[in-house]
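In terms of the numbering used here, the sequence shown has 351 at position 327, counting the first letter as 1, and numbering is strictly consecutive.
Just so you know, even glycine gets a beta-carbon here, dropped at the ideal spot from N, CA and C.
Worksheet: the structure to be examined is printed underneath.
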Amino acid sequence: MHASVVGSGYVGTTVAACLADLGHDVTAVDIDEEIVERLNAGEPPIHEPGLDPLVSAYGGSSLEATTDHGAVAETDLTFLAIETPANDDGSIDPAALLAAAEDVGEAVADKDDYHLVVVKSTVLPDVVEGELVPAIERAAGKTDGDELGVAVNPEFQREGSAVDDFMSPDKIVLGTDGDERALDRLAELYQPLVSDWDVPVVETGRREAAMIKYANNSFLAAKISLINDLGNVCKEFGVDAYEVADAIGMDDRVGERFLRSGVGWGGSCFGKDTAALAAAAREAGYEPSMLEAAREVNDRQPERMLELLDTHVDVSGERVAVLGLAFKPGTDDVRNSRAIPVIEGLQERGAEVVAHDPNAVENMRERFPEIEYADAPEGPLEGAEAALIVTEWEEIVELDAEFDRMETPVVIDGRRAIDRREGLVYEGLTW
Ligand code: UDX
């Protein structure tokens, strides 16, 4: 097939490269000329494990990039993979997505045969039906069903394993409202995954598909918040939350994954998606208590970490080490990282913050230019009164003996990264 992908950010680039690897011809469209040049030269514009070999193999050949939206008319279907930034109230701003959708609509206006537009971006059901579909229809001068189809096919790709998650997903969700032509096209596109890997396909409505993405992320975020809430109770009772989690994870109905309690979730999805869903629910007249509670518990975890620190040292005027800045290991992304409220809390207490992260220093420097950054993981420990572990990078897990460099080695561990041992004043957040 010949697919086009509009938007070459994190999701779009991964989707385009993976589709090329499945044997399809792919046209990537982006307004940024530098991104287009890089893709055509075989260089990915983002860093993601497994992406380099794909883009270098197909970039400029079966994966061609262009700034011209008109190119989508030559393809069988077009993915919209445009970011939807959050407004201050948590709702999403679909302006860039709608503009891209209109460009695609205009491009297919004169096309004689059927064209399918596939929404990859994360958008709420009402935005799809009330704004996106009408925008495409208006620009194309056609109505949905009249040589034009719109489907919703959300992504479930984690940063750091986005290529693997695309190639062997738990499920493929196709929201088509039963449009046979849309289903046929998407079935052909994903056929290698379905036949080689037995990936289950969920055929559903567009509104349901859009909601599945939000519900999926909300469920995961709430699962972590529930284990954090229980973990806080465990800590009060002197109980090890990890031993409790190991046992309850053996119940298939609970499942063992996403039960690591600590300083909470970060990243570009959980915070944004739970906020957008809660805002839309409230707008619709429903107060989403569990979603709000999940967000509240997550906001509380960094505070709990700092309160545990307060029980051991007054950090005012003291040097404090922050180990790990990325929202999780394996990425340089600091969006919604728990390190941000941790550093803010230390600054409020008058501490002198010195931080290390193997990948994310440059991104965090934009947020906190005033703090000190150390090149080596043990760097922040020299002369520090306390160390706070925020991200469980391997080099931080392996630091162990280095904590003795501190005068009174107080370690507050937000990720169960190291073991409690003699010689350390060690506090686990939930153990
Ligand atoms: C997430 C979803 O997993 C993915 O399906 C979706 O498409 C995008 O959002 P991502 O944000 O890349 O992916 O990260 P993920 O690996 O899910 O971790 C999110 C956060 O939760 C991290 O900050 C991580 O440290 C934290 N986490 C995860 C926990 O605190 N405990 C856990 O048990 C698991």
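Alpha-carbon spacing of residue i relative to residue j, whole angstroms
i, j, result
"residue 130", "residue 170", "15 angstroms"
"residue 400", "residue 277", "42 angstroms"
"residue 65", "residue 334", "53 angstroms"
"residue 419", "residue 409", "21 angstroms"
"residue 367", "residue 360", "12 angstroms"
"residue 369", "residue 375", "9 angstroms"
"residue 84", "residue 279", "43 angstroms"
"residue 269", "residue 184", "25 angstroms"
"residue 122", "residue 61", "25 angstroms"
"residue 287", "residue 381", "16 angstroms"
"residue 448", "residue 332", "15 angstroms"
"residue 307", "residue 301", "10 angstroms"
"residue 354", "residue 166", "45 angstroms"
"residue 53", "residue 63", "10 angstroms"
"residue 339", "residue 426", "20 angstroms"
"residue 263", "residue 119", "49 angstroms"
"residue 266", "residue 311", "32 angstroms"
"residue 379", "residue 159", "47 angstroms"
"residue 273", "residue 281", "7 angstroms"
Identity of the residue in the options nearest residue i by Cα
i, options, result
"residue 284", "439, 116 and 380", "439"
"residue 111", "304, 37, 177 and 97", "304"
"residue 106", "373, 144, 292 and 388", "144"
"residue 221", "193, 235 and 374", "193"
"residue 244", "315, 201, 264 and 267", "315"
"residue 460", "161, 364, 346 and 141", "The structure shown does not extend to residue 460, since the chain is modelled only from 25 to 455, so the question has no answer here."
"residue 163", "94, 433, 50 and 340", "94"
"residue 124", "417, 142, 275 and 380", "142"
"residue 114", "271, 299, 62 and 103", "299"
"residue 87", "108, 428, 51 and 73", "51"
"residue 432", "446, 59 and 441", "446"
"residue 137", "97, 382, 256 and 342", "97"
"residue 200", "189, 175 and 219", "175"
"residue 227", "218, 203 and 198", "198"
"residue 55", "32, 154 and 153", "32"
"residue 289", "266, 232, 59 and 364", "364"
"residue 154", "231, 274, 92 and 104", "231"
"residue 90", "421, 57 and 109", "57"
"residue 235", "149, 293, 295 and 417", "149"
"residue 324", "190, 177, 362 and 59", "362"
"residue 73", "356, 386 and 202", "356"
For residue j and residue i, believed in contact at Cβ under 8 angstroms, the rounded distance
i, j, result
"residue 252", "residue 454", "7 angstroms"
"residue 38", "residue 187", "6 angstroms"
"residue 436", "residue 348", "Rounded, the Cβ-Cβ distance is 12 angstroms, inconsistent with contact."
"residue 41", "residue 82", "7 angstroms"
"residue 79", "residue 116", "About 28 angstroms separates the two Cβ atoms, so there is no contact after all."
"residue 205", "residue 173", "6 angstroms"
"residue 161", "residue 168", "6 angstroms"
"residue 181", "residue 35", "7 angstroms"
"residue 424", "residue 442", "6 angstroms"
"residue 30", "residue 128", "6 angstroms"
Neighbourhood of residue i by C-beta distance below 6 angstroms, restricted to the same chain and skipping five residues each side
i, result
"residue 216", "46"
"residue 297", "238 and 241"
"residue 249", "318, 321 and 322"
"residue 43", "27 and 50"
"residue 132", "97, 139 and 164"
"residue 388", "349 and 358"
"residue 450", "435 and 444"
"residue 156", "125"
The ligand UDX heavy atom lying under 7 angstroms from the CB of residue i
i, result
"residue 292", "yes"
"residue 182", "yes"
"residue 179", "yes"
"residue 352", "yes"
"residue 383", "no"
"residue 221", "no"
"residue 230", "no"
"residue 420", "no"
"residue 64", "no"
"residue 387", "no"
"residue 241", "yes"
"residue 190", "no"
"residue 438", "no"
"residue 289", "yes"
"residue 33", "no"
"residue 74", "no"
"residue 248", "yes"
"residue 46", "no"
Below-8 angstroms beta-carbon distance, residue i vs any chain B residue
i, result
"residue 207", "Structure shown: chain B not included; a single protein chain is present."
7 angstroms CB neighbourhood of residue i in its chain, flanking five on each side removed
i, result
"residue 25", "48, 100, 212 and 213"
"residue 209", "100, 101 and 140"
"residue 256", "328 and 454"
"residue 429", "402, 405 and 406"
"residue 76", "68"
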